[in-house]
Amino acid sequence: QAHVGYAQIFPNHHESQVPKPGNFRRTSIGTNEVLLVRQKNYSLKSRFNNCAHRGTRLCAAAEGNRTSFVCPYHAWTFDLDGTLKGVPDVESYPTSFDINDPSLHLKSAPRLQDYRGFIFASLSQQGPNLIDYLGKMTDAIDNLVDRAPDGIISVDGGHFRVRYSGNWKLHHENANDTVHPGFVHESSVTAARQSQKGKRGKAKPIDDGQTRGMMASNGLSPKDWNIIELNGMSNGHSFMGGFYKSGLLAPQRDDDVTRTYRTALEKAHGKKRTDAILGMDRFNNLIWPNLNVNSQFHQIRVVHPISVNETVIEGYCFRLKGAPEEIFYRSIRFLGTLVSPASMIFSDDLEIFERIQHGLENGKLERLDHRRGMATDKPLNGTGNFHSTTSSELPLRSQTAAWKYWMSAGQ
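Listed below in structure tokens is the structure:
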């Protein structure tokens with residue numbers, strides 16, 4: 001855990017969440033809590049959320065706007081840039097006490113990097129360049145941003161937050177697994193099918209059937225799931241390809257809203273570029289260790305490790321500037337159906353995560369079997385990346401290899 005936390009690059013939210021000087025968000029780098037703060041000069045700083053005096057948690061608010069941060073214990077006051085600017089009863093300290101001593105300032109994350117508005121942080125000065133580390137996953141971020149006709153995206157609509165009693169890696173190990181949906185999500189598949197059979201008259205569903213369709217798609221046969229392409233990167237990233245092209249898992253829309261949206265994109269980019277943007281066919285772009293980007297529905301999930309057996313997941317939607325408002329509402333419905341605490345789909349996954357954790361803690365297993373699809377995985381041009389066009393645990397193997405690498409880094 002320590003090596004993963006220090007050398008690894010972690011997502012630290014999006015710049016639109018702290019747009020003005022004094023805006024801050026309480027977030028984490030691995031298991032370390034930090035404050036992402038917009039400075040007076042509009043730059044961004046990430047400071048550890050503990051007072052330099054006695055180590056007290058400095059700020060309990062999840063977000064807000066401050067001109068300074070005041071410790072609730074002894075009222076030590078820090079500027080937005082983390083410098084100590086006020087200490088009560090400073091005369092009682094010895095002459096060696098210097099309020100300008102850097103050791104008394106808030107400690108900062110050694111590296112803070114930005115890619116198209118997405119902020120990433122690391123606890124180590126050493127490590128890979130962000131662009132090199134992201135590799136092909138820049139395509140997913142590019143595609144999300146490029147889907148905004150005006151080229152600007154912003155987090156909006158609040159967010160969902162769920163907690164489960166299990167290891168943080170379980171989310172990514174499950175997200176690109178194409179065998180589990182028909183078994184784990186049987187109850188929501190059944191509900192969706194019963195809802196379809198029970199329809200009467202010509203009443204139009206309030207969401208045009210989006211929620212029912214998402215739930216029902218998990219009930220496809222193994223043969224249908226095998227149309228999905230799986231990609232595993234040498235640095236632990238993975239994604240599913242071909243998710244949309246068949247129309248089985250995620251039917252493509254052709255309605256007034258979609259046509260209006262396409263027209264706005266074509267006005268901004270031209271038809272050829274618009275076709276390329278909307279034609280990108282990838283799902284669950286997992287940026288290891290803890291970010292999930294779904295470009296088509298303009299949402300992300302961030303996985304926060306709390307401890308070895310406690311994890312928090314946050315889900316966010318993006319508003320695309322220049323797109324019809326209904327496009328944003330569809331994103332919210334997608335997030336609500338898939339990730340919310342009330343989700344009939346995600347609640348199944350959380351239950352499985354906790355059962356896995358319980359089983360691993362309870363049993364005497366020395367080895368787990370991740371060999372499904374290993375014989376058919378195809379290497380991609382000596383890059384260390386692999387591709388599979390059938391059922392495979394390739395994404396899981398890529399993640400495990402990355403975990404092993406970072407855990408042994410420097411040893």
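Final position of the sequence shown in the working numbering is 411; the numbers increase by one with none missing.
Every residue, glycine too, gets a C-beta built ideally from N, C-alpha and C.
- With a minimum length of 3 residues, the unbroken runs of beta strand (DSSP E) contained wholly in the stretch 27-66 fall at 32-38, 44-48, 63-65.
- Here Gly270 is exposed, its C-beta having fewer than 16 other C-beta atoms within 10 Å.
- The straight-line gap separating the alpha-carbon atoms of Asp132 and Ser238 is approximately 15 Å.
- Secondary structure at Pro110: coil, using DSSP grouped into helix, strand and coil.
- Restricting attention to Lys321, Arg193, Ala75, the CA atom closest to the CA of Asp150 is found in Lys321.
- Counted as a single uninterrupted DSSP element, the alpha helix (DSSP H) harbouring Gly359 occupies residues 346-362.
- With 16 or more neighbouring CB atoms inside 10 Å of its own CB, Thr178 falls in the buried class.
- Of Trp406, Glu393, Asn294, Glu325, the smallest CA-CA separation from Asp139 is found for Asn294.
- About 18 Å separates the beta carbons of Tyr244 and Ala323, which is beyond the 8 Å limit, so they are not a contact pair.
- Annotation: the continuous beta strand (DSSP E) that includes Gly157 extends over 153-164.
- Here Gly55 is exposed. Its C-beta has fewer than 16 other C-beta atoms within 10 Å.
- Annotation for Thr311: the continuous beta strand (DSSP E) segment containing it runs 310-320.
- Listed in chain order, the non-local C-beta contacts of Gln39 below 7 Å within the same chain comprise Pro21, Lys45, Leu80, Asp81, local neighbours out to five positions each way being set aside.
- The three-state secondary structure of Tyr73, taken from DSSP, is coil.
- Per DSSP, the continuous beta strand (DSSP E) segment holding Lys85 begins and ends at 84-86.
- Inclusion of Thr77 and His105 in the CB contact set at 8 Å is not warranted, their separation being larger than that value.
- In the three-state reduction of the DSSP assignment, Ile227 falls in the coil class, being assigned neither a helical nor a strand state.
- Counting C-beta pairs closer than 8 Å gives three or more between the stretch 59-70 and the stretch 25-38, which meets the contact rule.
- Under the three-state reduction of DSSP output, Val303 falls in the strand class.
- In the DSSP assignment, Ile9 falls within the beta strand (DSSP E) that extends over 9-14.
- For Leu291, the uninterrupted beta strand (DSSP E) segment begins and ends at 291-294.
- Taking 8 Å as the upper bound for CB-CB distance, Val155 and Pro341 are not in contact here, some 19 Å apart.
- Here DSSP, grouped into helix, strand and coil, assigns Leu286 to strand.
- As DSSP reads the structure, Asp79 sits in a beta bridge with Ser68.
- At a Cβ-Cβ threshold of 8 Å, Ser122 and Arg111 count as neighbours.
- Burial check for Asp89: the Cβ neighbour count within 10 Å stays below 16, so the residue is exposed.
- For the 8 Å CB-CB criterion, Arg372 and Ser391 form a contact.
- The secondary-structure analysis by DSSP pairs Met240 across a beta bridge with Leu230, Phe283.
- Judged by DSSP in its simplified three-state form, Pro324 adopts coil rather than helix or strand.
- At least 8 Å separates the beta-carbon of Leu396 from that of Ile287.
- The beta carbon of Ile345 sits closer than 8 Å to those of His185, Ser188, Met214, Met215, Asn218, Thr337, Leu338, all from its chain and outside the five residues before and after it, given in chain order.
- In the structure shown, Ile119 adopts extended strand secondary structure according to DSSP, grouped into three states.
- Under the three-state reduction of DSSP output, Ser388 falls in the strand class.
- Membership of Ser408 in the alpha helix (DSSP H) is indicated by the continuous run 394-408.
- A straight-line Cα-Cα distance of about 13 Å links Gly86 and Phe97.
- Distance from the CA of Arg330 to the CA of Arg259, rounded to the nearest whole angstrom, comes to 15 Å.
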